[in-house]
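Colleague: The opening residue of the sequence shown carries number 722 in this note's numbering; numbering runs sequentially from there. Got a structure for you, written out below as structure tokens; questions coming shortly.
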Amino acid sequence: MNPRNDDHVKLITSIENNDAETAVKIVTERFDEKFLQPVGLLHVTAVQLAAWQGRIELLELFYKNGADISVTDKIGRCALFHAAHRGNYQVVQWLLEHGASVENRVGINACFKRISFSIFSSPLVGRDLPTPECWGRTPLHQAVKNNHSQVVKILVNAGADVNTQDEHGITPLLLAGSTVSPENPDEMCKFDEILEILVNATASTNVVHPDTGASRIIHG
Numbered sequence: 722m723n724p725r726n727d728d729h730v731k732l733i734t735s736i737e738n739n740d741a742e743t744a745v746k747i748v749t750e751r752f753d754e755k756f757l758q759p760v761g762l763l764h765v766t767a768v769q770l771a772a773w774q775g776r777i778e779l780l781e782l783f784y785k786n787g788a789d790i791s792v793t794d795k796i797g798r799c800a801l802f803h804a805a806h807r808g809n810y811q812v813v814q815w816l817l818e819h820g821a822s823v824e825n826r827v828g829i830n831a832c833f834k835r836i837s838f839s840i841f842s843s844p845l846v847g848r849d850l851p852t853p854e855c856w857g858r859t860p861l862h863q864a865v866k867n868n869h870s871q872v873v874k875i876l877v878n879a880g881a882d883v884n885t886q887d888e889h890g891i892t893p894l895l896l897a898g899s900t901v902s903p904e905n906p907d908e909m910c911k912f913d914e915i916l917e918i919l920v921n922a923t924a925s926t927n928v929v930h931p932d933t934g935a936s937r938i939i940h941g
């Protein structure tokens with residue numbers, strides 16, 4: 722095997738295993754432009770994996786070496802999508818400061834949109850990355866869905882469209898509270914904060930959930 726290809730495999734594997742020390746060593750000592758290229762069936766990149774793991778030190782290295790931090794995989798997921806889904810507000814802030822778009826939409830601009838969701842159960846690169854529930858979801862959808870109030874605030878302040886709809890017509894507001902237990906006061910507090918942020922940003926409260934016919938649904 723080509724040593725550079727071997728290093729690329731080791732880099733991807735180390736990031737997936739959250740072994741930042743090994744990943745940083747590979748990039749700093751033996752950097753190659755191939756390290757920034759997509760790998761696997763879904764065309765996942767090291768940047769996307771680093772964002773998912775919350776590794777800003779790796780994102781800094783990749784960025785300094787010319788990485789496109791907004792690049793998407795085959796189904797339209799980008800680094801910001803993963804960071805927002807996981808609730809890592811520091812990574813979200815870093816990505817936005819380095820040019821990430823708040824309006825990336827999963828699948829909308831992806832040539833792989835018709836992929837079968839069964840593929841995510843197969844052993845492939847990025848298998849631990851979040852599987853989209855449907856096409857058209859944005860980082861804001863993900864942050865609201867998972868009750869990450871700090872991330873929601875950052876995205877809205879960065880200009881994210883609070884009335885954006887996925888392919889089923891679901892807005893972020895309709896996803897609010899879908900992972901929250903009423904018995905968890907901390908999560909309920911975040912839920913209330915998210916509602917306030919979205920409504921203050923003029924999120925429409927008249928949008929109807931296609932499955933229930935109700936507005937501001939607590940089911941995603």
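Just so you know, even glycine gets a beta-carbon here, dropped at the ideal spot from N, CA and C.
1) Comparing alpha-carbon positions, which option in 910, 927, 769 lies nearest residue 812?
2) Consult DSSP for residue 768 and reduce its assignment to one of helix, strand or coil.
3) Return the CA-CA distance between residue 907 and residue 930, expressed in angstroms with no decimal places.
4) Assuming contact is defined by CB atoms lying nearer than 8 Å, are residue 847 and residue 761 in contact in what I supplied?
5) Taking the beta carbon of residue 837 as the centre, do at least 16 other beta carbons fall within 10 Å, making it buried, or is it exposed?
6) Use the C-beta contact count for residue 845: other C-beta atoms within 10 angstroms, 16 or more gives buried, fewer gives exposed.
7) So, under 8 Å CB-CB, residue 814 and residue 857 are touching, yes? Tell me the CB distance rounded to an integer number of Å.
8) Looking at the unbroken alpha helix (DSSP H) that takes in residue 822, where does it start and where does it end?
9) Alpha carbon to alpha carbon, how far is residue 865 from residue 826?
10) Locate the alpha helix (DSSP H) running through residue 755, then write down its first and last residues.
11) Along the alpha helix (DSSP H) that carries residue 864, what are the first and last residues, could you check?
12) So, at 8 Å on beta carbons, what are the nonlocal neighbours of residue 824 in its own chain, with the 5 sequence-adjacent residues on each side left out?
13) Taking Cβ to Cβ, would you say residue 756 is nearer than 8 Å to residue 780?
14) Please report the straight-line C-alpha distance between residue 850 and residue 922, rounded to a whole angstrom.
15) When burial is assigned at 16 or more other CB atoms within 10 Å of the CB, is residue 738 buried or exposed?
Modeller: From the atom records:
1) The residue you call residue 812 lines up with position 91 of the sequence shown. Looking at the Cα atoms, 769 is the closest of the given residues.
2) As a working mapping, residue 768 is identified with position 47 in the sequence shown. Residue 768 carries a helical assignment under DSSP once its states are collapsed to helix, strand and coil.
3) Counting from 1 along the sequence shown, the entry for residue 907 is found at position 186. Counting from 1 along the sequence shown, the entry for residue 930 is found at position 209. Each residue's CA atom was taken as its position, placing residue 907 and residue 930 some 26 Å apart.
4) Position 126 of the sequence shown, counting from 1, holds the residue named residue 847. Position 40 of the sequence shown, counting from 1, holds the residue named residue 761. Yes.
5) To locate residue 837, count along the sequence shown from 1; it is residue 116. Any reading at residue 837 must be qualified, since the residue scores a pLDDT of 48, below 50, and its modelled position is unreliable; the value itself is stated next. Under this definition residue 837 is an exposed residue.
6) Walking along the sequence shown from the start, residue 845 turns up at place 124. Residue 845 should be labelled exposed.
7) Reading the sequence shown from its first residue, position 93 is the one you call residue 814. Reading the sequence shown from its first residue, position 136 is the one you call residue 857. Not really, about 24 Å apart at Cβ, beyond 8 Å.
8) Residue 822 sits at position 101 when you count from the first residue of the sequence shown. Counting along the chain, residue 822 falls outside any alpha helix (DSSP H), and DSSP gives it neither H nor E.
9) On the sequence shown, residue 865 is found 144 positions in, with the first residue counted as 1. On the sequence shown, residue 826 is found 105 positions in, with the first residue counted as 1. Near 15 Å, if we compare the C-alpha coordinates of residue 826 and residue 865.
10) Position 34 of the sequence shown, counted from the first residue, corresponds to residue 755. Per DSSP, residue 755 belongs to no alpha helix (DSSP H) and is neither H nor E.
11) The residue labelled residue 864 in the question sits at position 143 within the sequence shown. Taken as a continuous stretch (DSSP letters only), the alpha helix (DSSP H) holding residue 864 covers 860-866.
12) Within the sequence shown, the letter at position 103 stands for residue 824. Closer than 8 Å at the Cβ level, and outside the excluded window around residue 824, lie 859, 881, 882, 885.
13) The count along the sequence shown starts at 1 and reaches residue 756 at position 35. The count along the sequence shown starts at 1 and reaches residue 780 at position 59. With a cutoff of 8 Å on beta-carbon distance, residue 756 and residue 780 are scored as not near each other.
14) Indexing the sequence shown from 1 puts residue 850 at position 129. Indexing the sequence shown from 1 puts residue 922 at position 201. A direct Cα-to-Cα measurement between residue 850 and residue 922 gives close to 29 Å.
15) Counted from its first residue, the sequence shown places residue 738 at position 17. Exposed.
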